[in-house]
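>
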């Protein structure tokens, strides 16, 4: 084999395609989310091995060697066609299934039969080769040969492949958002170009219409590069959008907490007022004691100890408020549902007392912890409890109950339920319950449930509402148990 | 009739209950502390003399409901309701609340003490009026002592509390502030 231009170009094409295959394969290994990367790697792998077999044909010294190279040519061709078809299915989402499976089925038949006959699927007999001028060299091409009567099968399969790609692209274009149109135009265009030139070229060569070497790797390589460019762009844009939506969610969660705290402000004021009032009375008592002859030092000590304790109590209330108000980064950790619920219930305790609501914590001990951001999960539960209490406004005082329950719903999920004894959710409200800015309250912004659902879903869980059989409504959410990969 | 009446402190918050009981005892009142309205209702009779100092927000029974229950039980003692909200209305949810004085939980010592003084005085005046009008004499100090074995005020401090801001000229307006 001489080191001519063809060898140099085709070796470079093979190296490029294999490198791209490696890159896409690694992308898939590190981020299993997108199957398209794996399929593209398969396609590029096929292209990488097409080039050497094409070189083999072009440099073949006799008809027999040529025939053997054609035979081997079918293997990478099969791999790249399967990769391409499945990639279009996955990435476009519009490729017709029957077309895809027909193409793959036909190619399987071609490959299998190809290795059962001599010299290969396409020709029954290759008698002579001829030298074709190509890129300033002379390369081998088929001279006298007999094409098999089965040749219609690969011809039909690649024609169908062209139809499949064009159809998928056109359908995607019609569906039409901007990004989809871009995919349809750039990817659909690029792949269609590669496939249609392949069909034209191979068929013309096989049927002896034109004299040129069989070569698919150039246009397939171009297709690989175009797809790579598009996928990288998608990946980068997707990552950016992901970061932006994370930022947005954090901001929304914060607004939700500020809003919640606004609703809880009277309660928190009461909770602060209790220790502050106690401190005031104790200070007044100490003042009077100190004005007496021979003050009771024992009593003064007790007063000081009480003042100290109440001061700590007040600062705990303030700390809880600050924890909710803080703008913060999201941290995923194992969170114990039981403790979380207890903290939320303590926070609403004063409010519940003032509104004559009995809040019961029926969470059994020993549930596995869930994975998530404690402050955001606290917010979700707090929101559901505050909503639950609002739902009890019109209910008789001795029947205002909220129960917080939890159970292990499945192996992977823990379910938390907030059950109220209110009037339930009217059907027309049920539909819009989780839409932003939907509210039935005079003072609400209508963000609570929408933000809560966003938070729960960002944690890989679900949040929904249902009316109870007897009375009232139940809000349930499931969260993944800690220590397992996020779906 | 000269024996001072008892102040019944009703608050579910132990810390505040301790503090206000301590203050009132130091200034010389006879104080009985209860953690809930139910506890108070179990310990008073119509003839019990004194006044009630109850928190507005309590689990089970709030200040207004407690007042209604007391009236139903025939207890006529004036009730002072302590609020921390600053926005509580003068009347209870069902329009009751005659004989109730609303007071900010964190109002000054003088204001608190004078409100109590006036409540005790009103209780005495009401009993005197009823006795004069020939209504059944309910005020039986001896029986109060039987049912409420309360600590007696220190006589020295009792004298002290008489000076604490009880200024008739301004007191009337302060009650309902």
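Residue numbers (our numbering), protein chains in the order written: chain A, 677 to 1163; chain B, 1419 to 1595. Using N, Cα and C, we set each Cβ at its ideal position, and we do this for glycine too. Source: prediction; values computed, not measured.
In the DSSP output, which residue or residues are listed as bridge partners for residue 1049/A?
Residue numbering aside, residue 1049/A sits at position 373 when the first chain is read from its first letter. Per DSSP, none; premise fails for residue 1049/A.
> Roughly how far, in whole angstroms, is the beta-carbon of residue 1044/A from the beta-carbon of residue 1157/A, given that I think they are within contact range, below 8 Å?
Residue numbering aside, residue 1044/A sits at position 368 when the first chain is read from its first letter. Residue numbering aside, residue 1157/A sits at position 481 when the first chain is read from its first letter. Going by Cβ atoms, the distance from residue 1044/A to residue 1157/A rounds to 5 Å, so yes, they are a contact pair.
> Flag residue 996/A as yes if its beta-carbon sits less than 7 Å from any beta-carbon of chain B, otherwise no.
Sequence index remark: in the first chain, residue 996/A carries index 320 (1-based). No, residue 996/A does not count as interfacial toward chain B.
> Ends of the beta strand (DSSP E) at residue 1153/A?
If you number the first chain from 1, residue 1153/A lands on position 477. Its beta strand (DSSP E) spans residues 1149-1156.
> Note down the Cα distance separating residue 697/A from residue 748/A, rounded to an integer number of angstroms.
Position 21 of the first chain, counted from the start, is the residue given in the question as residue 697/A. Position 72 of the first chain, counted from the start, is the residue given in the question as residue 748/A. Rounded to whole angstroms, residue 697/A to residue 748/A spans 20 Å at the Cα level.
> Which chain A residues are close to residue 1433/B, counting only those with a beta carbon under 8 Å from its beta carbon?
Reading the second chain from its first residue, position 15 is the one you call residue 1433/B. The contacting residues are 950, 951, 954, 982, 985, 986 and 989.
> Under 7 Å, Cβ to Cβ, is there at least one residue of chain A near residue 1426/B?
Along the second chain, one-based indexing puts residue 1426/B at 8. No, because no Cβ of chain A sits closer than 7 Å to the Cβ of residue 1426/B.
> How would you label residue 1555/B, buried or exposed, when you count the other beta carbons within 10 angstroms and need 16 or more for buried?
Taking the second chain and counting its residues from 1, one reaches residue 1555/B at position 137. In this predicted model, residue 1555/B has a pLDDT of only 48, less than 50, meaning its place in the structure is not dependable; the value taken from the coordinates is given anyway. Exposed: under 16 other Cβ atoms inside 10 Å.
> Look up residue 1528/B in the DSSP assignment and say whether it is helix, strand or coil.
Taking the first residue of the second chain as position 1, residue 1528/B is located at position 110. Residue 1528/B falls in the helix class under three-state DSSP.
> Could you check what DSSP says for residue 1451/B in three-state terms: helix, strand or coil?
Locating residue 1451/B in the second chain gives position 33, where the first residue counts as 1. In the structure shown, residue 1451/B sits in a strand (DSSP, three-state: E or B).
> Name, please, each residue of chain B whose Cβ falls closer than 8 Å to the Cβ of residue 958/A.
On the first chain, position 282 is the one that residue 958/A refers to. Chain-order list of chain B residues neighbouring residue 958/A: 1437, 1440 and 1441, by C-beta distance under 8 Å.
> Give the interface partners of residue 1477/B over in chain A, defined as CB-CB distance under 7 Å, in chain order.
The residue given as residue 1477/B occupies position 59 in the second chain. Neighbours of residue 1477/B across chain A, judged by C-beta separation under 7 Å: 1029.
> For residue 692/A and residue 724/A, I'd like the C-alpha separation in whole angstroms.
Looking up residue 692/A in the first chain gives position 16. Looking up residue 724/A in the first chain gives position 48. Distance between the alpha carbons of residue 692/A and residue 724/A: 7 Å.
> Taking residue 964/A as the query, report the chain B residues whose CB atoms sit under 7 Å from its CB, ordered along the chain.
Working through the first chain from its first residue, we reach residue 964/A at position 288. When 7 Å is used as the limit between beta carbons, residue 964/A is near these residues of chain B: 1444 and 1445, in chain order.
> Which of helix, strand or coil does DSSP assign to residue 1096/A?
Taking the first chain and counting its residues from 1, one reaches residue 1096/A at position 420. Looking at residue 1096/A - three-state DSSP - the assignment turns out to be strand.
> Looking at the C-beta of residue 961/A, does it have a partner C-beta in chain B at a distance below 7 Å?
Position 285 of the first chain holds residue 961/A. Judged by the 7 Å Cβ criterion, residue 961/A is in contact with chain B.
> Considering residue 802/A, what are the terminal residues of the alpha helix (DSSP H) in which it resides?
Taking the first residue of the first chain as position 1, residue 802/A is located at position 126. Note, residue 802/A: premise wrong, no alpha helix (DSSP H); beta strand (DSSP E) at 799-802.
> Name the residue from 830/A, 739/A and 688/A whose alpha carbon lies nearest to the alpha carbon of residue 753/A.
Mapped onto the first chain, residue 753/A falls at position 77. Selected option, being the one with the closest Cα: 830/A.
> Please name the residues in the region 936-947 of chain A whose beta-carbon is closer than 8 Å to at least one beta-carbon of chain B, in chain order.
942, 945 and 946
> List in chain order: all unbroken beta strand (DSSP E) runs of 3+ residues lying wholly within the region 946-1020 of chain A.
1009-1011
> What would DSSP say about residue 711/A, mapped onto helix, strand or coil?
Indexing the first chain from 1 puts residue 711/A at position 35. Helix, per DSSP.
> If you run the structure through DSSP and keep just helix, strand and coil, what is residue 843/A?
Reading the first chain from its first residue, position 167 is the one you call residue 843/A. Residue 843/A: helix per DSSP, three-state reduction.
> Is the separation between the beta-carbon of residue 1154/A and that of residue 1085/A shorter than 7 Å?
Taking the first residue of the first chain as position 1, residue 1154/A is located at position 478. Taking the first residue of the first chain as position 1, residue 1085/A is located at position 409. Yes.
> With 7 Å as the threshold, decide whether the Cβ of residue 1502/B is near any Cβ in chain E.
Here chain E cannot be found, since the structure's protein chains are A and B.
> For the region 1514-1540 of chain B, list every residue whose C-beta sits within 7 Å of some C-beta in chain A, in sequence order.
1523, 1524 and 1527
> Helix, strand or coil: which one does DSSP assign to residue 1541/B?
Working through the second chain from its first residue, we reach residue 1541/B at position 123. Three-state result, residue 1541/B: helix.
> Expressed to the nearest angstrom, what Euclidean distance is found between the alpha-carbon atoms of residue 1018/A and residue 1050/A?
What you label residue 1018/A is simply residue 342 of the first chain in a count that begins at 1. What you label residue 1050/A is simply residue 374 of the first chain in a count that begins at 1. Spanning the two alpha carbons is a distance of roughly 13 Å.
> Please report how far the alpha carbon of residue 699/A lies from the alpha carbon of residue 759/A, in whole angstroms.
Position 23 of the first chain, counting from 1, holds the residue named residue 699/A. Position 83 of the first chain, counting from 1, holds the residue named residue 759/A. Roughly 15 Å between the two C-alpha positions.
> Taking buried to mean at least 16 other C-beta atoms within 10 Å of its own C-beta, is residue 980/A buried or exposed?
What you label residue 980/A is simply residue 304 of the first chain in a count that begins at 1. When all chains shown are included, residue 980/A counts as exposed.
> I'd like the list of long-range same chain contacts for residue 954/A, defined as Cβ closer than 6 Å, with 5 residues on each side in sequence excluded.
Stepping through the first chain from its first residue, residue 954/A is reached at position 278. Hits under 6 Å: 986.
> With burial defined as no fewer than 16 other Cβ atoms inside 10 Å of the residue's Cβ, what is the status of residue 984/A: buried or exposed?
Translated into positions along the first chain, residue 984/A becomes position 308. That one is exposed.
> Looking at the unbroken beta strand (DSSP E) that takes in residue 1490/B, where does it start and where does it end?
Sequence index remark: in the second chain, residue 1490/B carries index 72 (1-based). Note, residue 1490/B: premise wrong, no beta strand (DSSP E); alpha helix (DSSP H) at 1481-1490.
> Please state whether the Cβ-Cβ distance between residue 1067/A and residue 1081/A is less than 7 Å.
Stepping through the first chain from its first residue, residue 1067/A is reached at position 391. Stepping through the first chain from its first residue, residue 1081/A is reached at position 405. The answer is no: Cβ separation not under 7 Å.
> Can you give the beta carbon distance from residue 1403/B to residue 1428/B, rounded, assuming they're within the 8 Å contact cut?
Absent from the model: residue 1403/B. The displayed extent of chain B is 1419 to 1595, so no value can be given.
> Taking 7 Å as the limit between beta carbons, can you name the residues of its chain near residue 1523/B, skipping five residues before and five after?
Stepping through the second chain from its first residue, residue 1523/B is reached at position 105. These residues qualify, in order along the chain: 1500, 1501 and 1502.
> Could you tell me which of 851/A, 736/A, 743/A and 1091/A sits nearest to residue 791/A, measuring between CA atoms?
Taking the first chain and counting its residues from 1, one reaches residue 791/A at position 115. Here the closest residue by C-alpha is 743/A.
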